[in-house]
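Step one of this worksheet: look at the structure below.
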Amino acid sequence: MAQTAADIIRAEILALRAYHVPDPAGMVKLDAMENPYRLPRELCDAIAARVATAALNRYPDSAARELKAQLRTAMQVPAGMDIVLGNGSDELIETLALAAAKPGAVMLGFEPSFVMFRMIATFCGMRYVGLQLNADFTIDASGAVAALEQHRPALVFIAYPNNPSGNLFDAKVVERIIEAAPGLVVIDEAYHPFAGASFMPRLAHFPNLLVMRTVSKLGLAGLRLGLIAGRAEWLQHVEKVRLPYNVGVLTQLVAAEVLRHRDVLDEQAAAIRAERARLMTELRRRRGVEAYASDANFILFRVAKADQIFDGLKARGILIKNLNGSHALLTDCLRVTVGTPDENTQFLSALTAVLAS
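In structure tokens:
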């Protein structure tokens with residue numbers, strides 16, 4: 030008799046729900062923390078010229094030498110630190126987990142946060158320990174240190190700023206966790222362009238620290254490119270787990286070309302920060318809406334009957350993220366990405382109509 034999925038697939042995988050990505054067709058898409066701005070025409074022409082001469086018949090440079098040089102400058106990676114590249118941050122999290130997944134190994138994170146931390150720990154056979162944040166989405170420092178002593182995690186992931194709450198954790202608390210951790214601490218700085226704070230300059234100070242970045246929020250989400258920066262004593266082993274040729278020819282060419290024009294990306298990030306301030310002001314003017322301060326390119330807000338509000342916005346062509354029911358601290362919470370001025374105005378108008386209905 031033929032075996033079924035239940036006979037073959039691990040029980041913990043059977044119990045998982047796949048990461049759901051909704052169809053955004055015809056919607057104002059404000060659900061995925063993307064940069065809403067396209068690249069300027071001149072830069073697109075420069076990219077097209079480089080792509081036209083790309084050797085697509087050859088495997089990519091596995092070491093991605095040109096791209097790494099551009100990233101070192103753009104991301105201000107300290108001298109003496111190594112870089113490992115991934116097909117997006119998700120692959121880097123998985124690569125780290127695979128490298129560290131000894132029998133009984135633990136990954137520790139803070140919740141609510143990026144859902145892929147927990148999911149990837151499960152994929153890789155690590156035990157995941159999620160420490161609940163305080164009601165204001167801050168870290169309980171004493172509780173975190175006690176958990177480090179109890180669980181002895183091989184990996185600790187801290188999103189900085191945090192997703193979905195949008196806040197930067199107290200840097201002193203993060204430092205205390207790094208110093209107390211028995212293993213590696215990975216600071217996920219996906220939203221760094223909007224935060225104005227980073228642990229990248231501290232890599233030489235903390236021997237067990239790694240910093241993760243992505244180009245997705247800079248406006249290159251379609252390229253799927255992330256990096257980990259840190260000491261060679263760690264990353265030389267992570268590099269062994271990285272699949273060869275994981276960053277394709279086109280990703281390397283396009284990312285390197287765009288990073289030569291960092292001023293374009295900086296201008297777009299500044300525009301998003303300005304719109305974030307406007308959006309926050311407008312949300313807080315609306316009765317019944319509690320909007321949380323954000324250092325990212327999105328805003329978390331709480332509103333009564335969040336499911337109905339989400340459905341009402343969707344019916345009006347506005348797609349945001351419904352977080353109600355995903356975690357106890359996110360009851361009645363929705364998350365909106367900062368879009369263009371026009372997109373944000375459409376969202377605010379639709380929200381006003383839904384609240385009044």
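With the numbering used here applied, the sequence shown corresponds to residues 30 to 386, in that order. Glycine is no exception: its CB is placed at the ideal position from the N, C-alpha and C atoms.
Can you tell me where the alpha helix (DSSP H) with residue i in it begins and where it stops?
| i | result |
| --- | --- |
| C73 | R70 to A81 |
| T280 | V278 to L288 |
| V144 | V144 to F152 |
| V270 | A261 to V270 |
| S386 | S386 -> no alpha helix (DSSP H), and no H or E assigned at all. |
| T102 | R94 to A103 |
| A295 | Per the sequence shown, residue 295 should be read as Asp rather than Ala. Note, D295: alpha helix (DSSP H), R291 to R314. |
| A35 | A34 to I37 |
| L43 | A40 to L43 |
Decide if residue i is buried, meaning its Cβ has at least 16 other Cβ atoms within 10 Å, or exposed.
| i | result |
| --- | --- |
| T310 | exposed |
| D111 | buried |
| K378 | It is Ser, not Lys, that sits at residue 378 in the sequence shown. Exposed, since its Cβ has fewer than 16 Cβ neighbours within 10 Å. |
| W86 | According to the sequence displayed, residue 86 carries Asn and not Trp. Flag for N86 reads exposed. |
| G255 | buried |
| Q265 | exposed |
| S118 | buried |
| A142 | With the sequence shown as reference, residue 142 is identified as Ser, and Ala is not the correct amino acid for it. It counts as buried. |
| S386 | exposed |
| H221 | buried |
| I257 | buried |
| P65 | buried |
| R313 | exposed |
| Y189 | buried |
| T381 | exposed |
| P89 | buried |
| Q281 | buried |
| E296 | exposed |
| V50 | exposed |
| I76 | buried |
| R259 | Note that residue 259 corresponds to Gly in the displayed sequence, not to Arg. It counts as buried. |
| D292 | exposed |
| G115 | buried |
| A325 | buried |
| R67 | exposed |
Only counting the same chain, and skipping five residues up and downstream in sequence, which positions put a Cβ closer than 7 Å to that of residue i?
| i | result |
| --- | --- |
| L59 | I347, L348, I349, V365, T366, G368, E372 and F376 |
| H180 | V135, L137 and V158 |
| L352 | P193, L359, C362, L363 and R364 |
| A83 | V278, L279 and L282 |
| P438 | Look at the range of the chain in this structure, 30 to 386, and you will see that residue 438 is not part of it. |
| L252 | V244, T280, V283 and A284 |
What does a CB cutoff of less than 8 Å around residue i pick up in its chain, not counting 5 residues either side in sequence?
| i | result |
| --- | --- |
| A210 | L177, P182, V185 and N237 |
| N163 | D169 |
| L172 | Looking at the sequence shown, residue 172 is not Leu but Gly. Around G172: L160. |
| V57 | G346, I347, L348, G368, E372, Q375 and F376 |
| I328 | G195, R305, L308, M309, L312, A320, Y321, R364, V365 and V367 |
What residue does the beta strand (DSSP E) around residue i start on, and which one ends it?
| i | result |
| --- | --- |
| E140 | V135 to E140 |
| Q161 | R156 to Q161 |
| E319 | V318 to A320 |
| D111 | D111 to G115 |
| V332 | F327 to V332 |
Based on the DSSP secondary-structure assignment, which residues constitute the bridge partners of residue i?
| i | result |
| --- | --- |
| V203 | None, per the DSSP bridge assignment. |
| K350 | R364 |
| K58 | L348 |
Note down, in chain order, each residue of its chain lying with its Cβ closer than 6 Å to the Cβ of residue i, except the 5 sequence neighbours on either side.
| i | result |
| --- | --- |
| S91 | P273 and Y274 |
| G154 | A130 |
| V202 | I168 and A170 |
| F146 | G138 and F186 |
| E41 | T151 |
- Which runs of the beta strand (DSSP E) spanning at least 3 residues fall entirely within the segment 178-266, listed in chain order? For the segment 178-266, whole beta strand (DSSP E) runs of length 3 or above, ordered along the chain, are 184-188, 213-217, 238-243 and 255-259.
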